[in-house]
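**Student:** Chains as they are written, first to last, in our numbering: chain A, 1 to 183; chain B, 184 to 366. For every residue, glycine included, the Cβ atom is placed at its ideal position computed from N, Cα and C. Got a structure for you, questions after.
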DNA sequence: CTTTTCTGTGCGCAATAACATACAAAAATA
DNA sequence: TATTTTTGTATGTTATTGCGCACAGAAAAG
């Protein structure tokens, strides 16, 4: 979520421009953006507007995406200790493992529910789907009128733009993972 | 080339936000961008920075591309009379039929060469390819050291990051089309 | 009907994007 | 070497992004 694109754009832009053997002057002429601005963007000192970046992309004869694409590492290890969990007042603790990724369209949480706790979700944004994989304790999920009970190892999928409730009726904590997919 | 993204972004954003049934307030909270700004962007009154638009996209749980994608009409008719041709001093007239499109990666020109004219191209940006379709008169093309002669109906493809020369040796004009592709 | 909440828009201000110009270092030419 | 050209960076100015706040209409609650 807290994510700054400017260094990525800068790197991509500088790399692409050099690859095409263009000087700041030349690219400025091709794109209609001043070379001072292009230089600043390459150094990550400026946060360009979409129109400016669009013109640069066109001048470079490159897709807009090429400039903003993060080109993330093939492997990403997330340490539980490096994550700051979000604990709700109702006893649900949310551990965001992979937060929303722009190109992929989903995010993954690990969730812990205190004994005898209930969490009500009003319903997420339209067209979203929720995948729940239970792996410790018992979990009861109610979607609209229907109620489902999941034991460790069970899984469920439902359209989460409708109201749904998580309930842990047991004396032990319940742990599960959820994958939220947005269409 | 002269292209303003802001009305497109505005339309896309308003449509997506309503589809997900979010108010300006709610989306502001989700994205961390003030609702005043979001409103202005939707009305096309603001040209947001990439970081701002990125945050909005993430808040909306939507890909960045969804906001800037032009969703262009299935069919696009280009009238010759509506185009302003670019005539070079060396007798080459360029008619840009479909100028560079960000997602497609190519552009299409129609070209007319005056009798006994020569056009030298130093070599375009790295990795570009040129497709030439001759359809009136005679055309001679030199790529690096090799020279090719095209009659009406002939075609040629070559990597255009090397120097190349167009030559019309005849007493009549030569007409052809070129497709420029950028990798 | 009145009050409250929720919707989007207008206003003034601070931060900064984007520009034109000038500058210094390196490369190329002589 | 000196001279010119080409490279990228730094400076000062203007235009506008992005913010908080206040506002007016609509919907909901009382």
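1. Cα separation between residue 158 of chain A and residue 143 of chain A?
2. How about the segment 241–255 of chain B and the segment 99–115 of chain A: do they share at least three Cβ pairs that are nearer than 8 Å?
3. If residue 133 of chain A and residue 155 of chain A are in contact, beta carbons under 8 Å, what's the gap, nearest whole angstrom?
4. Please report whether the beta-carbon of residue 143 of chain A lies at a distance below 8 Å from any beta-carbon of chain B.
5. What are the start and end residues of the alpha helix (DSSP H) that includes residue 7 of chain A?
6. What residues in its chain sit with their C-beta under 6 Å from that of residue 288 of chain B, if we drop five residues either side in the sequence?
7. Check distances from the C-beta atoms of the segment 312–325 of chain B to those of chain A and list, in chain order, the residues that come in under 8 Å.
8. Am I right that residue 109 of chain A and residue 177 of chain A are in contact with their C-beta atoms under 8 Å? What's the rounded C-beta distance?
9. When Cβ atoms are compared, which residues of the segment 282–301 of chain B fall closer than 7 Å to chain A?
10. Within its chain, find whatever has a CB closer than 6 Å to the CB of residue 276 of chain B; leave out the 5 residues flanking it on each side and keep chain order.
11. Flag this pair as yes or no: are the beta carbons of residue 137 of chain A and residue 173 of chain A separated by less than 8 Å?
12. Under 8 Å, Cβ to Cβ, is there at least one residue of chain B near residue 93 of chain A?
13. For residue 200 of chain B, does the count of other Cβ atoms within 10 angstroms reach 16, so buried, or fall short, so exposed?
14. Could you run through the segment 63–79 of chain A and flag, in chain order, every residue whose CB is less than 9 Å away from some CB of chain B?
15. Which same chain residues end up closer than 7 Å to residue 188 of chain B when comparing Cβ atoms and leaving out the 5 residues on each side of it in sequence?
16. Would you kindly report the start and end of the unbroken alpha helix (DSSP H) that includes residue 351 of chain B?
17. Relative to chain A, which residues along the segment 221–236 of chain B have a C-beta separation below 7 Å, given in chain order?
18. Are the beta-carbon atoms belonging to residue 8 of chain A and residue 70 of chain A less than 8 Å from one another?
19. In three-state terms, what does DSSP make of residue 214 of chain B?
20. Just to make sure I have the definition right: I need the residues of chain A whose C-beta is within less than 8 Å of the C-beta of residue 192 of chain B. Which are they?
21. Give the single residue among A:13, A:19, A:14 whose Cα lies nearest to the Cα of residue 311 of chain B.
22. Based on the DSSP secondary-structure assignment, which residues constitute the bridge partners of residue 340 of chain B?
23. For residue 301 of chain B, collect the residues of the same chain with a Cβ closer than 6 Å to its Cβ; drop the 5 residues on either side in sequence, then sort them by chain order.
24. Between the Cα of residue 358 of chain B and the Cα atoms of B:330, B:329, B:298, which residue gives the shortest distance?
25. Name, going along the chain, the residues of the segment 145–158 of chain A whose beta-carbon falls closer than 8 Å to a beta-carbon of chain B.
26. I'd like the list of long-range same chain contacts for residue 149 of chain A, defined as Cβ closer than 6 Å, with 5 residues on each side in sequence excluded.
27. Does the beta-carbon of residue 53 of chain A have 16 or more other beta-carbons within 10 angstroms, so that it is buried, or is it exposed?
28. Tell me the DSSP bridge mates of residue 48 of chain A?
**Tutor:** Judging by the given coordinates:
1. Straight-line spacing of the CA atoms in residue 158 of chain A and residue 143 of chain A works out to 8 Å.
2. At 8 Å Cβ cutoff, the stretches touch.
3. Contact holds; Cβ gap of about 5 Å.
4. Chain B, which has no Cβ nearer than 8 Å to the Cβ of residue 143 of chain A, makes this no.
5. Segment 6–19, the alpha helix (DSSP H) holding residue 7 of chain A.
6. Correct list, in chain order: 365.
7. Against chain A - using a Cβ distance shorter than 8 Å - the segment 312–325 of chain B contributes no residues.
8. The Cβ separation is near 7 Å, so the contact holds.
9. Within the segment 282–301 of chain B, the qualifying residues are 283, 285, 286, 288.
10. So the qualifying residues of the chain are 268, 270, 295.
11. Cβ atoms of residue 137 of chain A and residue 173 of chain A: closer than 8 Å.
12. False, the Cβ-Cβ gap to chain B never drops below 8 Å.
13. The residue is buried, with at least 16 neighbouring Cβ atoms inside 10 Å.
14. Only 63, 64, 65, 67, 68 from the segment 63–79 of chain A bring a Cβ to less than 9 Å from some Cβ of chain B.
15. Answer for residue 188 of chain B: 251, listed in chain order.
16. For residue 351 of chain B, there is no enclosing alpha helix (DSSP H); the enclosing beta strand (DSSP E) covers residues 347–351.
17. Correct list: 230, 231, 232, 233, 234, 236.
18. A contact, by the Cβ cut-off of 8 Å.
19. In the structure shown, residue 214 of chain B sits in a helix (DSSP, three-state: H, G or I).
20. Taking the beta carbon of residue 192 of chain B as reference, the chain A residues within 8 Å of it are 50, listed in sequence order.
21. In terms of Cα proximity to residue 311 of chain B, the closest of A:13, A:19, A:14 is A:19.
22. Residue 340 of chain B pairs with B:314.
23. So the qualifying residues of the chain are 350.
24. Answer by Cα proximity: B:298.
25. Listed by position along the chain: nothing, the set is empty.
26. Same-chain partners within the cutoff: 140.
27. Residue 53 of chain A is buried by the Cβ-count criterion.
28. Answer is none; residue 48 of chain A lacks a bridge partner.
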